[in-house]
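See below for the structure under consideration.
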Amino acid sequence: VTVVPPGVDIDRFRPLDDEQRAAARRHFELPVDAELVVSISRLVPRKGFDVVIEAAARLAPRRPDLVLAIAGGGRDERRLRRLAAERDAPVRFLGRVANRDLPSVYGCADVFAMACRSRWGGLEQEGFGIVFVEAAACGVPQVAGDSGGAAEAVDDGITGLVVRRPEDPAEVAAAIEALLEDPARAAAMGAASRRRAETEFSYDVLSARLGAALGV
Numbered sequence: 059v060t061v062v063p064p065g066v067d068i069d070r071f072r073p074l075d076d077e078q079r080a081a082a083r084r085h086f087e088l089p090v091d092a093e094l095v096v097s098i099s100r101l102v103p104r105k106g107f108d109v110v111i112e113a114a115a116r117l118a119p120r121r122p123d124l125v126l127a128i129a130g131g132g133r134d135e136r137r138l139r140r141l142a143a144e145r146d147a148p149v150r151f152l153g154r155v156a157n158r159d160l161p162s163v164y165g166c167a168d169v170f171a172m173a174c175r176s177r178w179g180g181l182e183q184e185g186f187g188i189v190f191v192e193a194a195a196c197g198v199p200q201v202a203g204d205s206g207g208a209a210e211a212v213d214d215g216i217t218g219l220v221v222r223r224p225e226d227p228a229e230v231a232a233a234i235e236a237l238l239e240d241p242a243r244a245a246a247m248g249a250a251s252r253r254r255a256e257t258e259f260s261y262d263v264l265s266a267r268l269g270a271a272l273g274v
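Written as structure tokens, this is what we have:
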């Protein structure tokens, strides 16, 4: 059996230098000097945006420069906006971002976080989690919930951290803070993420794997 996971365009999704990161943050009206956590996906319950918002609210009193930027739209948006306001969480809702701008949103982050979770007794869970691989290609460490294929997309302790109880805001907050507290560790995970994207998830690598499996 040959497994061929979803791939990523490593030429399009790539790390930004300091100048590009600052420009991207200005473009999205985000503070240039913020500790920036980015989340990108459809705004639906199983993606766990409510938990990430709660985690940001818990971290904010001791991390005044923290900003959580959420990109995407969906049926949960109104509830999430209300939650962010009620918790006075440092959240910026970016709305639906144009496809051409996605690499910049990922690339300007210090951490990418999505606390995806399984629901309905496991009947609803994360698929593979291509957003984690896109963040990885941009050299950004990831925090993921342990649901479906997310734990395969994120190599726990190497390219990011997998939260075993993603419904727990304290655990998600601890994972995010662990990376923000240790820039050297976060940078090492970001570099490992990029290497893994190149060697395991690039289109060239995956097409060669599929070709070998098909004998062509």
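Residue 103 in the working numbering sits at position 45 of the sequence shown, and the numbers go up by one each step. Ideal placement from N, C-alpha and C gives every residue a C-beta, glycine not left out. Note that the structure is a prediction, hence the values are computed from the model and not measured.
Spanning the alpha carbons of D123 and V90 requires a straight line of approximately 10 angstroms. Distance from the CA atom of E93 to the CA atom of L238, rounded to whole angstroms, is 7 angstroms.
In the assembly as shown, T257 is an exposed residue. Its beta-carbon has fewer than 16 other beta-carbons within 10 Å.
About 23 angstroms separates the Cβ atoms of P161 and A114, ruling out a contact at the 8 angstroms cut-off. The C-alpha of A244 lies about 14 angstroms from the C-alpha of G165. Within its own chain, the residues whose Cβ lies closer than 8 angstroms to the Cβ of E229, once the five positions on either side in sequence are excluded, are V221, R222, R223, listed in chain order.
Relative to S251, the option among P64, L117, I68, P63 whose CA is nearest is I68. Here the alpha carbon of V66 sits roughly 14 angstroms from the alpha carbon of R158.
Judged by beta-carbon spacing, E135 lies within the 7 angstroms limit of L101, meaning their Cβ atoms are closer than that value.
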